[in-house]
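A short worksheet on the structure shown next.
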Amino acid sequence: MELNKKTPIIMIVILLSIVFGVRVWKQLKLKQKNLNVILLTLDSVNVKHLGFMGYKRSTTPILDSIAQDSMIFENTFSSASWTSPGLHSVFTGLYPTLHGVEARGRSLIPGTITIFDVFKAHEYQVPNISYLTQIPNYFFLGLDQEQPQLIKNSAYNGEDLIQWLGKKHSKPFLLWYHYSSLHLPYKPKEKFNQFLTDSMRFLLKSENLRTLQENAVIPMNSIEFSTEEKEVVKALYDGQLRELDDLIGKMMYQLKKQGIDQQTIIVITADHGEELFEHGFIGHASTTHRARLYDETIKIPFIIYDPTEKNNRKRIRVQVRQVDIMPTLADYMGFKVPNDLNGKSVLDLAKGKKMPRLDSFAESVIAGYQSTPAQEKIKIRSIRLQKHKLICIEDNISNPCELYDIKSDPGERENIISENPSIAANLKGKIRNQLSEMNFARLSRLTTQKVEFSLKDVPKGKTLTKPIFVFPKKNQVIEISKACEKIKIDWSGDSELTYVIQYDIGLEFKNLKGKIPVKGTFKNFGLLPSHICDLLPVWNPYKIRVSPYGLDHYWSEWIDFSFARTNRG
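For what it's worth, this note's numbering labels the leading residue of the sequence shown as 1, then goes sequentially.
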């Protein structure tokens with residue numbers, strides 16, 4: 001048939017579909033409809049506790065209903081066991097060594113393309129409504145606004161998302177939202193605490209369980225939970241899952257209320273997993289100060305719900321990786337991504353086609369977000385194949401490794417490395433090769449960066465002085481109700497300069513030290529979800545100072561301050 005200007009467009013589409021397959025039709029359809037995409041990332045998900053993954057309790061009825069009509073990748077594995085590197089692998093399709101967000105205070109390597117850049121190139125809105133983007137780990141994501149659009153007096157995680165969706169938007173959007181409510185401490189609202197028996201409620205008064213409900217950080221083996229207490233812990237976690245599920249239900253209701261539920265694709269995944277006593281304790285790298293890479297800490301959900309696809313119900317059991325999410329989502333929309341990603345689109349698996357084996361690599365600094373500079377040098381890495389998994393700690397002392405047959409021992413109970421030295425050696429070689437390739441690629445990505453400046457860099461006519469804090473004042477006590485709304489740290493100086501805020505927060509195992517670069521003479525923090533804001537007094541005392549970037553002779557004096565609880569009503 002000869003194609004000309006009079007040939008109906010539908011005939012061209014049909015011909016293309018015959019020649020190139022159904023995929024062409026899907027891409028054209030998605031582009032023509034300008035479908036919205038919501039990317040939900042859930043913090044600290046133990047996938048064995050999700051209903052659609054076969055859990056005995058009804059923890060996730062809303063998620064289960066979404067999953068019924070979704071593409072579910074049942075064996076997806078994170079690239080790290082804490083939040084920042086895992087989320088950036090979602091955004092970039094790269095492992096932590098390559099995207100650069102390996103520890104607290106790190107930002108993306110300049111020039112790194114994110115999923116937000118990809119969608120912006122196709123004229124999508126990519127709003128910033130995440131409180132996380134206020135810290136350096138989440139700078140330079142390619143979102144529409146550098147400062148997040150957050151809601152005053154947000155009572156709980158999720159309201160920013162609901163209110164943003166409640167507004168009219170003239171362009172299609174890719175909206176990322178991070179639900180952090182599964183993270184320690186485990187303390188769901190009472191109406192969701194439906195998995196506690198009467199005897200469990202009595203145990204809530206124990207010191208161990210009070211600690212669990214009040215602290216975001218509980219170092220590995222600092223508490224010895226009894227058998228009965230462990231069951232309470234799981235019930236509390238399940239209550240938080242039910243609460244999270246309710247938040248997702250509110251989002252789904254808002255989509256329907258706005259009349260965009262049938263034009264919005266929903267992608268649901270997680271930053272990392274969460275241990276619930278599978279290997280003796282709870283939490284993940286940042287909460288325990290001890291990164292582990294067993295499956296419960298790196299296995300994550302990954303589902304794609306498309307209301308325009310009525311035959312999209314698929315369960316893919318082949319192993320895929322967190323780094324595959326970005327290229328898969330882009331491919332699903334018909335968008336191109338850079339060809340040098342660690343991840344691959346796995347849509348062919350959903351079509352029943354075979355793909356080359358996808359070995360899953362993971363790496364973490366030993367204490368996650370809480371790592372000190374010394375701890376940042378200690379890495380734990382793993383490689384997971386279809387049958388075997390190797391985990392190694394690089395501590396410059398013993399470099400201990402563990403080897404598991406995950407086919408016959410999915411719980412990773414029996415370390416078989418001594419009986420299988422050749423298998424272990426082969427997998428060690430794979431880890432070395434992966435690191436070698438990534439380090440070489442990393443060098444090519446790094447551009448010449450000016451990391452310090454000197455007095456000659458000060459603009460003409462400007463005189464440098466030591467900054468003096470306007471807020472906070474020395475020894476000031478800040479009500480956390482105000483902190484949840486917004487805290488503006490500001491100081492005297494010149495708005496044309498870049499400054500560095502140095503912080504020293506908390507004591508003993510609750511201690512964080514680091515620096516935050518700031519353009520100008522102030523930095524806003526907030527709004528914060530209330531369940532996170534409530535933890536601010538736990539990290540008292542706070543100590544900060546500020547200096548023009550790179551000029552150590554101009555540090556301000558240290559300012560000590562603290563947060564106090566108030567009744568927010």
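Don't be surprised by glycine CBs; every beta carbon is placed ideally from N, CA and C.
Which same chain residues, not among the five before or five after residue i, have their C-beta less than 6 Å away from its C-beta?
i    : result
H183 : D43 and S44
V346 : V320, D324 and T328
K187 : Q213
Q434 : F361
K389 : Y404 and I406
S492 : P467 and I468
Let me check understanding here. Comparing Cα to Cα, which of the options lies closest to residue i?
i    : options                   : result
R442 : F469, I62 and L108        : L108
I489 : N339, I516 and L247       : I516
L196 : E229, K168, P219 and S170 : E229
G352 : F73, T41, T59 and K171    : F73
Y332 : H289, I266, V126 and Y179 : I266
L241 : F225, K299, Y179 and S222 : Y179
T59  : W82, E146 and L236        : L236
K486 : F471, S492 and W555       : F471
A216 : K189, S547, G506 and L535 : L535
I544 : S371, M251 and I468       : I468
R381 : F116, T372, N75 and E402  : E402
A350 : S81, F302, N540 and Q370  : F302
F277 : I417, N46 and C392        : N46
T372 : I417, I223 and A285       : A285
E231 : L203, G429, K250 and W539 : L203
Along the chain, where does the beta strand (DSSP E) that runs through residue i open and close?
i    : result
M71  : S70 to F73
Q322 : Neither: Q322 is in no beta strand (DSSP E) and is coded neither H nor E.
K515 : K510 to K519
Q476 : Q476 to E479
F140 : No beta strand (DSSP E) holds F140; DSSP gives it neither H nor E.
S286 : Run containing S286: none in the beta strand (DSSP E); it sits in the alpha helix (DSSP H), A285 to T288.
S562 : I559 to A564
Go through its chain and collect everything with a Cβ distance to residue i's Cβ below 8 Å, but skip five positions before and after it.
i    : result
A564 : V477, I478, E479, I480 and P537
L63  : L50, G51, F52, D245, I248 and I268
F192 : G239, Q240, R242, E243 and D246
F116 : F91, V126, L141, G142, L143, L174 and W176
V22  : Annotation note: pLDDT 36 at V22 (below 50); position unreliable, no value reported.
F20  : At F20 the pLDDT is 37, less than 50, meaning the model places this residue with poor confidence; the figure from the coordinates comes in the next sentence. Hits under 8 Å: none found.
Q258 : L165 and G166
K354 : D348
Buried or exposed for residue i, please, with buried defined as at least 16 other CB atoms from any protein chain shown within 10 angstroms of its CB.
i    : result
A374 : exposed
K523 : buried
E296 : buried
L98  : buried
G520 : exposed
H553 : exposed
N34  : exposed
I595 : Limits of the chain in this structure are 1 at one end and 569 at the other, which puts residue 595 out of reach.
Y177 : buried
M326 : buried
M200 : buried
R290 : buried
L507 : exposed
L40  : buried
E419 : exposed
Y253 : exposed
T114 : buried
P185 : buried
E275 : buried
Note the first and the last residue of the continuous alpha helix (DSSP H) segment covering residue i.
i    : result
G429 : P421 to R445
K167 : No alpha helix (DSSP H) contains K167, which DSSP labels as neither H nor E.
R242 : T227 to K257
L209 : E207 to E214
D348 : L347 to A350
P637 : Absent from the model: residue 637. The displayed extent of the chain is 1 to 569, so no value can be given.
H88  : T83 to T92
E402 : Here E402 belongs to no alpha helix (DSSP H); instead the beta strand (DSSP E) covers C401 to D405.
Which residues in the same chain as residue i place their Cβ atom closer than 7 Å to its Cβ, once the five residues preceding and following it in sequence are excluded?
i    : result
K474 : I559 and D560
P148 : N128, I129, S130, Y131, T133 and Q134
T288 : I218, P219, M220 and F281
D69  : Y305, N312 and R313
L30  : Because L30 carries a pLDDT of 43, less than 50, the predicted location of this residue cannot be relied on, and the following value inherits that uncertainty. Correct list, in chain order: M333 and G334.
Q32  : With a pLDDT of only 40 at Q32, under the threshold of 50, the placement of this residue in the model should not be trusted, and no figure is reported.
So, do the region 300-308 and the region 412-429 have three or more beta carbon pairs nearer to each other than 8 Å? no
Three or more C-beta pairs under 8 Å: does that hold for the region 128-139 against the region 91-110? yes
Taking 8 Å as the threshold, find out whether the region 119-126 comes into contact with the region 95-102 through three or more Cβ pairs. no
Count Cβ pairs between the region 339-359 and the region 398-412 that sit closer than 8 Å; are there 3 or more? no
Measuring CB atoms only, is the region 203-210 touching the region 156-170, in the sense that at least three cross pairs come out at less than 8 Å? no
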